[in-house]
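K.L.:
Take a look at this one; I'll ask things after.
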Amino acid sequence: MGKKKGFVGLLKSQGYEVHEKRIRGGFINDVRLITAYKGNQVFEYVLKRYGSRDDVGFMLDGYDKVFGAVRSPALVYVNRDDREVAYDVVKGKSLRDMIESQDNESAKAIALLAQELQKLHEHKKKMSNYRKGDSPDERRSFRCALEACQAGKITRKELDMIAKHIKSYEPSFKSIIHGDAHLGNFLYHNMEIYVIDPDSVKISDHNADVGKVIDSIDKSEHDGNITPLQARDLKEIFLAAYVGEEQRAVLLHQMRTPLRVMKGDGKDFASERKRLVGALNGLEARVAAAIIFLLVISLFAAFSGASITGRALMTGSNPASTAGIGIIIIGMIAIYWVLQCPKRMRN
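First residue of the sequence shown? That's 22 in the working numbering, and the numbers climb one at a time after it.
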């Protein structure tokens with residue numbers, strides 16, 4: 022028989038019966054639940070198989086940064102040649118499963134998550150020599166661009182421009198961030214939060230993690246697993262625990278319904294439009310009254326001017342009718358404006 026390889030082979034060589042079940046995976050890795058039996062002993066591990074040695078290196082780099090800052094499952098096996106990494110299984114429940122199953126401790130878990138992320142974002146260990154950017158998404162973008170260049174779809178110059186653009190983003194405030202902070206990547210067990218899947222850990226804008234958590238809550242609402250009221254409460258709890266009450270109110274105001282006419286008045290677009298139209302109607306009445314008053318005076322002056330002009334023509338004197346005609350024209354334009362302007366403003 023050939024030599025057994027990898028983590029599963031190692032367990033079997035030590036006399037364990039091994040069951041292997043794929044649980045998830047993505048672009049970077051394949052994830053499996055490994056259950057090892059020997060007599061009355063049962064052990065469970067999470068085994069991740071990566072696409073390259075570099076991916077294993079990036080993961081280990083990320084794990085090193087979060088280790089000591091936040092709780093994470095113990096790393097029990099690394100094999101760069103086989104591109105495998107194994108962790109102990111944490112007997113916890115993901116925060117996504119908790120909120121979608123209406124777990125009574127969901128609110129407490131969300132608040133603890135906020136505190137754990139805050140600790141991670143304030144963690145400065147080895148930060149000066151830690152990579153900027155270079156997340157799996159960035160590596161994937163560059164790989165796609167490189168493949169396009171090799172296939173002749175883009176030029177080398179265009180490839181260089183894409184690579185420069187990928188590396189150009191540098192947030193003003195740098196933190197160590199998880200990089201993929203959806204609720205499925207955090208486990209709750211015995212009043213503690215465990216951070217898993219450090220593949221995307223990097224230095225970047227801490228708001229990326231905050232936004233990902235909020236987006237994950239919104240997704241559960243969108244999928245119909247929680248109500249809008251529950252989603253709102255969870256977001257308020259998370260933000261209050263992360264940034265404090267005052268800043269929480271500011272962020273929530275920014276996240277809520279964007280359709281506003283005036284900030285801070287609490288009115289939606291429809292009610293505000295109704296109020297403005299009512300005010301416009303009142304203004305129209307006052308403006309119209311003033312214009313009609315001026316128009317009456319202008320017409321009186323015009324007819325008086327016309328009468329004087331007739332007498333002047335009969336006597337042969339120099340007429341002054343031009344001013345009267347001009348006033349009549351201005352009056353007609355004013356009447357047209359009064360009738361048409363409100364229609365345009367309402368539209």
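Idealized CB from N, CA, C, for every residue including glycine.
1) Assign Asn61 to one of two classes, buried (16 or more other C-beta atoms within 10 Å of its C-beta) or exposed (fewer than that).
2) Round the Cβ separation of Cys170 and Leu180 to the nearest angstrom and send it over; I've been treating them as touching at under 8 Å.
3) Can you tell me the Cα-Cα spacing of Ala57 and Val39, whole angstroms?
4) Can you name the start and end residues of the alpha helix (DSSP H) that Tyr263 belongs to?
5) Using a Cβ-Cβ cutoff of less than 8 Å, which residues in the same chain neighbour Arg177 once the five nearest sequence positions on both sides are dropped?
6) If you follow the alpha helix (DSSP H) that His243 is part of, which residue opens it and which one closes it?
7) Roughly how far, in whole angstroms, is the beta-carbon of Ala90 from the beta-carbon of Lys140, given that I think they are within contact range, below 8 Å?
8) Mind checking Asp236: buried by the 16 CB within 10 Å criterion, or exposed?
9) What are the residues that DSSP puts in a beta bridge with Lys114?
10) Take every Cβ of the segment 94 to 106, pair it with every Cβ of the segment 232 to 250, and state whether three or more of those distances are shorter than 8 Å.
11) Within 8 Å, do at least three Cβ pairs link the segment 116 to 131 to the segment 245 to 258?
12) Within this structure, are the beta carbons of Asn206 and Ile198 separated by less than 8 Å?
13) Should Ser34 go down as buried or exposed, given a rule of 16 or more other Cβ atoms within 10 Å for buried?
14) Helix, strand or coil for Glu293? Go by DSSP, reduced to three states.
P.N.:
Quick answer:
1) Position 40 of the sequence shown, counted from the first residue, corresponds to residue 61. Its Cβ having fewer than 16 others within 10 Å, Asn61 is exposed.
2) In the sequence shown, the residue the question calls residue 170 occupies position 149. In the sequence shown, the residue the question calls residue 180 occupies position 159. Their Cβ separation, rounded to whole angstroms, is 4 Å, which keeps Cys170 and Leu180 in contact under 8 Å.
3) Residue 57 sits at position 36 when you count from the first residue of the sequence shown. Residue 39 sits at position 18 when you count from the first residue of the sequence shown. For Ala57 and Val39, the distance between alpha carbons rounds to 5 Å.
4) One-based indexing of the sequence shown puts residue 263 at position 242. Tyr263 -> alpha helix (DSSP H) spans 249 to 264.
5) In the sequence shown, the residue the question calls residue 177 occupies position 156. Answer for Arg177: Cys170, listed in chain order.
6) What you label residue 243 is simply residue 222 of the sequence shown in a count that begins at 1. Residues 228 to 243.
7) Counting from 1 along the sequence shown, the entry for residue 90 is found at position 69. Counting from 1 along the sequence shown, the entry for residue 140 is found at position 119. The pair is a contact, with the Cβ atoms about 6 Å apart (cut-off 8 Å).
8) Looking up residue 236 in the sequence shown gives position 215. It is exposed - the Cβ of Asp236 has fewer than 16 other Cβ atoms within 10 Å.
9) Reading the sequence shown from its first residue, position 93 is the one you call residue 114. DSSP output for Lys114 lists Tyr209 as bridge partner(s).
10) no
11) yes
12) Counted from its first residue, the sequence shown places residue 206 at position 185. Counted from its first residue, the sequence shown places residue 198 at position 177. For Asn206 and Ile198, no; Cβs fall outside 8 Å.
13) As a working mapping, residue 34 is identified with position 13 in the sequence shown. With fewer than 16 Cβ atoms within 10 Å of its Cβ, Ser34 is classed as exposed.
14) The sequence position of residue 293 within the sequence shown is 272, counting from 1. Low confidence applies here, because Glu293 scores a pLDDT of 47, under 50, leaving its location unreliable and the question unanswered by this model.
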